[in-house]
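Student:
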Amino acid sequence: LNGSAPNAELNLPIDVVLDQSDNLYVAELGNNIIRKITPGGVVSTYAGDGTAGYKDGAALSAEFNGPEGMVIDETGNLFVSDSQNNVIREITPLGVVSTYAGNGTQGLKNGSALSAEFAGPNGLAMDKSRNIYVADFFNNVIREITSAGVVSTYAGNGTPGLQNGSALSAEFHIPSGMVIDGQGNLYVAEASNKTIRKITSGGGVVSTYASNFTSPVRIAIDIPGNLYVSD
């Protein structure tokens with residue numbers, strides 16, 4: 097149900113992101129849509145027709161299946177991890193939905209963005225160079241999509257576990273929410289390991305940043321660098 101914010105109804109909201117005008121976008125997992133909440137408190141459907149499917153095109157006729165993580169760039173392009181379709185979608189400010197990365201097949205394949213494969217992509221983060229990082233949930237790795245459209249494995253060897261060290265030899269287990277700080281360090285909420293992991297800028301070293309959570313799923317950061325975790 098859309099309308100005034102206090103009267104609106106949502107179904108399994110799982111991630112939120114703010115644009116530069118303080119509009120809030122909500123990945124609504126239960127309805128397979130993206131909602132928009134204006135600073136004035138008006139809720140509307142921003143993208144998706146509510147059908148669980150896979151369809152690009154005009155935003156309100158597009159179809160998603162399991163929208164999870166989101167990130168937005170400075171010009172208002174919204175990127176959504178479409179987990180059940182194993183792709184990353186882009187929604188432009190003009191209201192056009194397209195596939196940004198992934199060929200729709202579940203797998204672990206690097207290369208050009210539209211030929212790459214993901215397995216249940218979840219949390220997203222974006223650095224200052226507009227590179228996007230993907231918590232590749234079932235592959236237990238972190239992927240990078242460069243602004244030039246090339247997908248690679250940024251951290252993790254694909255084995256589920258809790259191992260720190262060099263990025264590509266490290267082990268993750270069901271990575272979900274992610275956020276990046278002003279220095280380019282990436283933080284990963286890892287529910288199965290009950291930890292927050294840190295990957296240094298450039299994908300160099302993985303370490304455990306915080307532990308002893310119950311089930312950390314989403315993560316945010318403020319300007320001074322304090323982290324906030326939904327446990």
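Quick note on the working numbering: the sequence shown kicks off at 97 and runs consecutively. Backbone N, C-alpha and C fix where the C-beta goes; we use that ideal spot for every residue, glycine too. None of the values given here were measured: they were computed from a predicted structure.
Report the residue ranges of all beta strand (DSSP E) runs contained in full by the stretch 172 to 259; include only those spanning at least 3 residues, in chain order.
Tutor: 174 to 178, 183 to 187, 192 to 197, 217 to 222, 228 to 232, 237 to 241 and 246 to 251
Student: Out of 152, 168 and 153, which one is the CA nearest neighbour of residue 123?
Tutor: Comparing alpha carbon positions, the residue from 152, 168 and 153 closest to residue 123 is 168.
Student: Does the count of Cβ pairs from the stretch 237 to 249 and the stretch 222 to 229 closer than 8 Å reach three?
Tutor: yes
Student: Hey, residue 218 and residue 256: beta-carbon distance below 8 Å or not?
Tutor: no
Student: So, do the stretch 191 to 204 and the stretch 167 to 183 have three or more beta carbon pairs nearer to each other than 8 Å?
Tutor: yes
Student: Spatial neighbours of residue 98 within its chain, please: C-beta separation below 7 Å, excluding the five flanking residues on both sides.
Tutor: Contacts found: 104, 139, 140 and 141.
Student: Indicate whether residue 166 and residue 114 have their beta-carbon atoms separated by less than 8 Å.
Tutor: no
Student: Relative to the alpha-carbon of residue 223, which residue among 280, 293 and 145 has its alpha-carbon at the smallest distance?
Tutor: Ranking the options by Cα distance to residue 223, first place goes to 280.
Student: Excluding the 5 residues preceding and the 5 following residue 159 in the sequence, name in chain order all residues of the same chain whose CB lies nearer than 8 Å to its CB.
Tutor: 128, 144, 145, 147, 148, 149, 150 and 151
Student: Which residues mark the beginning and the end of the beta strand (DSSP E) in which residue 271 is found?
Tutor: 271 to 276
Student: Which stretch, first to last residue, makes up the beta strand (DSSP E) that contains residue 164?
Tutor: 163 to 168
Student: With a threshold of 16 other CB atoms inside 10 Å of the CB of residue 322, please say whether the residue is buried or exposed.
Tutor: exposed
Student: Taking 8 Å as the threshold (C-beta atoms), are residue 283 and residue 305 in contact?
Tutor: A contact, by the Cβ cut-off of 8 Å.
Student: Thinking C-alpha only, which one of 303, 200, 136 and 238 is nearest residue 120?
Tutor: 136
Student: Which stretch, first to last residue, makes up the beta strand (DSSP E) that contains residue 286?
Tutor: 282 to 286
Student: Under 8 Å between the Cβ atoms of residue 191 and residue 178?
Tutor: Their beta carbons are not under 8 Å apart, which means residue 191 does not touch residue 178 by this criterion.
Student: In this structure, does DSSP put residue 101 in helix, strand or coil?
Tutor: helix
Student: Which residue from 298, 236, 175 and 292 puts its Cα closest to that of residue 164?
Tutor: 175
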